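Each remark here refers to the structure printed beneath this line.
In the UniProt record's numbering, the protein residues as written are 1 to 384.
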């Protein structure tokens, strides 16, 4: 049906007036803006692929993604949004080109660094990367020394990577530092404030658990969280892997020290257990749906009962009717996708999400460039 509309549009440009459309603006990696009118039934993913092919240099294709920007916050388009049509967006909606920067934060001498991913513009400088790291960490304020390096994506960086990394200067940008390269990461080493010798003396803290039990420990301000967990393990027998601390509404990482959180004499830490388990989900291939949540059942019913009108004689329908039918079908699939997108599947069964969000076949895209498929895999990597 969509091909039927596109064929008529190619034959007679005047029929565009019969269809609903709206204006969208795309901002390329260098800040240039392009505004065009798009038909309501057009797929956002296809429009983005065409935009990348036309306005994004090939050396940036793998790094660049498309999202929306509100003030200073860049929001990625998730898979369901990529599956949507132009009709789901306001007239004048703006889309921005950005990239993801993997950042590993830690001390590197003894602990595995923590990995986060930040969304940045190609023209952003290194100081802005530092600011983003501080915003994402939700930890007590700290300063960082930043380096970049190329590493194996399946491994975490170590002290050797840190020593061999390239120092990033504040005035440099992502473009000038070439942080867009494949497997390039940013290493952020925490710079700790020096502690007076007098403040590093031993003192007592209290650790409470969910049963109300209170444990008294002797510590000092330079001890890290993992060392405290080992003290608790010696007292309670609970493995360090199963312990999780809450302090001041934050969850300290193993490599962080007590002084980072202002924990001092007679201070209290709340300890909870990290539990592991699973749950049933309706995409597992199970045939009986009597235990499926009601909202999922209703969504499935809508998909199964939906039918195109006059499917066998589309040539007799007006463009307006064809466009409405396409929008209705895509809306039903979008609703189904939103209902199931956070439900995991095991490796040995088909994932319904991938069936709904299929890659376009070769006939739908005139380009033979494999990079046109980047958008789909970009979306897969963006989902937390």
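We put the beta carbon where it would ideally sit given N, CA and C, even for glycine. For clarity, every value in this text was computed on a predicted model and none was experimentally measured.
DSSP places residue 143 in the strand class (E or B) of the three-state scheme.
In the displayed model, residue 156 falls within coil according to three-state DSSP, outside both helix and strand.
Between residue 86 and residue 102, the CB-CB gap reaches or exceeds 7 Å. Listed as beta-bridge partners of residue 99 by DSSP are 64, 120.
With fewer than 16 other CB atoms across the displayed protein chains lying within 10 angstroms of its CB, residue 163 is exposed. Residue pairing for residue 73: DSSP places it in a beta bridge opposite 70. CA-to-CA, the gap between residue 112 and residue 20 works out to about 54 Å. Taking a 10 Å sphere around the C-beta of residue 258, we find 16 or more other C-beta atoms and assign the residue as buried. Residue nearest to residue 150 within the set 218, 186, 135 is 186 (criterion: CA-CA distance). In the three-state reduction of the DSSP assignment, residue 59 falls in the helix class, which pools H, G and I. Pairing residue 251 with residue 36, the inter-Cα distance amounts to about 46 Å. The alpha-carbon separation between residue 183 and residue 78 amounts to approximately 22 Å.
Put simply, the backbone Cα of residue 172 is about 12 Å away from that of residue 166.
Shown here, residue 136 sits in a helix according to DSSP, grouped into three states. Proximity to residue 126 across 247, 175, 208 peaks at 175, based on C-alpha coordinates. When DSSP reads this structure, residue 223 sits in no beta bridge, so it has no partner. In this structure, residue 97 lies near residue 64, with their beta-carbon atoms less than 7 Å apart.
As summarised for the UniProt domain "Ubiquitin-like" (203-278), the continuous alpha helix (DSSP H) elements at least 4 residues long and confined to that stretch are 225-236, given in chain order. For residue 156, the closest C-alpha among the options 168, 115, 147, 93 is that of 115. With 16 or more other CB atoms across the displayed protein chains lying within 10 angstroms of its CB, residue 243 is buried. Short of 6 Å from the beta carbon of residue 268, and not among the five residues preceding or following it, lie these beta carbons of its own chain, in chain order: 206. Taken through DSSP and simplified to helix, strand or coil, residue 176 comes out as helix. Residue 24: not part of any alpha helix (DSSP H); member of the beta strand (DSSP E) spanning 21-27, first to last residue.
Looking from the CA of residue 262, the closest CA among 236, 221, 60 belongs to 221. For residue 187, the enclosing beta strand (DSSP E) starts and ends at 184-191. Residue 145 and residue 179 have their C-alpha atoms some 16 Å from each other. Residue 137 is classed as buried because its beta carbon has at least 16 other beta carbons within 10 Å across all chains shown. As DSSP reads the structure, residue 93 sits in a beta bridge with 24. In the DSSP assignment, residue 83 falls within the unbroken alpha helix (DSSP H) covering 79-83.
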